[in-house]
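Just add 1 to wherever you are in the sequence shown, counting from 1, and you've got this note's numbering. Built from N, CA and C at the ideal position, the CB exists for glycine as well.
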Amino acid sequence: MTKKRILPADRIAECTAAHELFLAKKNELKLSQKKIADEANMTPAAVNLYFKGINPLNAQFAAVLSRVLQVPVEAFSPRLADEIKGLSRVQAVAAPSSAADQVKKMLAKHGKGLPEETRQKIADAVTESLAEQALAPADQSNVIVADFSRRAPVGDEIRIAHYDVQGAMGNGKQVHDFPELFKDVTVSQQHLRELGVKYEDPRHLKMITGDGQSMAPTIQDKDPMIVDASIREFTGDGIYAFTWQGLFYIKRLQLKGGEHFKMISDNALHSPEEIRVDETYIQARVLLVWNAKRV
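Okay, structure coming up:
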């Protein structure tokens with residue numbers, strides 16, 4: 002397991018300032034690290050790593066913290082406040098360009114009967130209008146720009162988000178709290194049912210990747226898995242994605258007594274471990290390994 006690198010002094014100062022604001026406001030606003038974790042869709046352990054200065058604050062967590070603490074981001078990180086403003090500006094300018102390109106494509110395909118000059122005028126007008134909407138204050142615009150960039154699912158198909166999260170099937174891994182999103186995977190619900198996958202809401206299905214061989218032969222190194230992210234507590238013996246002591250694992254869990262889990266690796270070379278229930282934060286339950294082995 003790689004030793005965590007110490008943060009630069011300015012990043013530690015941001016974490017300290019955020020933690021001090023939390024301590025000053027928690028009684029007034031009836032806050033806890035768990036409440037902040039729920040708002041940020043992460044674990045209390047991950048929030049604690051920020052407040053302790055082990056992980057650096059990022060723009061997405063800063064935005065959540067600002068809203069929950071009812072303070073501007075500048076109060077604990079002027080750097081991230083500038084970053085958030087920059088991101089907002091880039092997104093506002095990029096959206097009209099993307100939508101205008103879609104209009105031009107539709108005109109080229111369906112507007113062949115129109116003179117070229119007329120088509121160009123329509124495209125220019127759309128570009129200008131969208132640019133004005135993007136640059137206007139938020140309270141002056143109620144226009145919703147549609148996203149035409151992805152094909153809609155057909156029939157019983159569902160789209161599953163594939164995240165750049167590798168669950169360690171060994172000694173655990175540090176992961177980002179807001180991982181990068183890979184290209185979505187589109188699958189048939191009928192096919193999932195035939196494979197024995199059971200779930201209540203397809204919106205909670207996600208795809209992540211295993212790392213290491215400690216869960217072999219059930220899960221091989223780099224095998225993608227479909228997980229149910231709505232399962233955030235132990236629901237019976239099975240394979241779970243969870244964090245323990247700030248590290249991310251994919252392991253088999255069994256309840257042992259009322260206070261401990263037995264953390265089991267399917268690879269016989271790795272001995273089982275006992276871990277405390279109150280130190281284990283379940284993120285999802287594994288439903289299917291992409292090599293089509295039911296778990």
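- Comparing C-alpha distances from Tyr-241 to each of Ala-14, Ala-82 and Thr-210 shows the shortest one belongs to Thr-210.
- Under the Cβ criterion (8 Å, minimum of three pairs), the region 245 to 255 does not count as touching the region 188 to 201.
- Residue range 225 to 229 is occupied by the beta strand (DSSP E) that includes Pro-225.
- The beta carbons of Ser-78 and Glu-15 sit closer together than 7 Å.
- The three-state secondary structure of Ile-251, taken from DSSP, is strand.
- Per the C-alpha coordinates, the member of Thr-44, Leu-206, Ala-25 and Arg-194 positioned closest to Thr-281 is Thr-44.
- Counting C-beta atoms within 10 angstroms of its own C-beta, His-271 has 16 or more neighbours from the protein chains shown and is therefore classed as buried.
- Exposure of Gln-71 is indicated by the presence of fewer than 16 other C-beta atoms within 10 angstroms of its C-beta.
- One alpha carbon belongs to Glu-158, the other to Leu-32, and they sit about 41 Å apart.
- Relative to His-261, the option among Lys-252, Arg-277 and Phe-235 whose CA is nearest is Arg-277.
- Across the set Leu-193, Leu-254, Asp-11 and Asp-83, the C-alpha of Asp-83 shows the shortest separation from the C-alpha of Ala-60.
- In this structure the region 185 to 197 does not touch the region 250 to 257; the number of beta carbon pairs closer than 8 Å is below three.
- Burial check for Asp-212: the Cβ neighbour count within 10 Å reaches 16 or more, so the residue is buried.
- Only residues of its own chain outside the window of five on either side were considered, and among them Lys-263, Met-264, Ile-265 and Ser-266 have a CB closer than 8 Å to the CB of Pro-273, listed in chain order.
- Within the same chain, and ignoring the five residues on either side of Glu-75 in sequence, the residues whose Cβ sits closer than 6 Å to its Cβ are Ala-82.
- If you draw a straight line from the Cα of Ile-85 to the Cα of Pro-57, it comes to about 15 Å.
- Under the three-state reduction of DSSP output, Glu-158 falls in the strand class.
- Under the 10 Å beta carbon count, Gly-54 is surrounded by 16 or more other beta carbons and is classified as buried.
- Asp-222 carries a coil assignment under DSSP once its states are collapsed to helix, strand and coil.
- As computed with DSSP, Val-287 is found in a beta bridge with Val-228.
- Cβ-Cβ distances below 6 Å link Thr-219 to Asp-267 in the same chain, with the five nearest sequence neighbours on each side left out; the list follows chain order.
- At the C-beta level, Ala-162 and Asp-229 stay beyond 7 Å of one another.
- Rounded to whole angstroms, Arg-233 and Ile-283 show a C-alpha spacing of 5 Å.
- Between Val-48 and Ala-38, the gap from beta carbon to beta carbon is short of 7 Å.
- Burial is judged here by how many other beta carbons sit within 10 angstroms of a residue's own beta carbon; Lys-223 has fewer than 16 and is exposed.
- In this structure, the CA atom of Ala-217 is about 48 Å from the CA atom of Ala-25.
- Annotation for Glu-260: no alpha helix (DSSP H) segment contains it, and DSSP assigns it neither H nor E.
- At the C-beta level, His-205 and Ser-231 come within 7 Å of one another.
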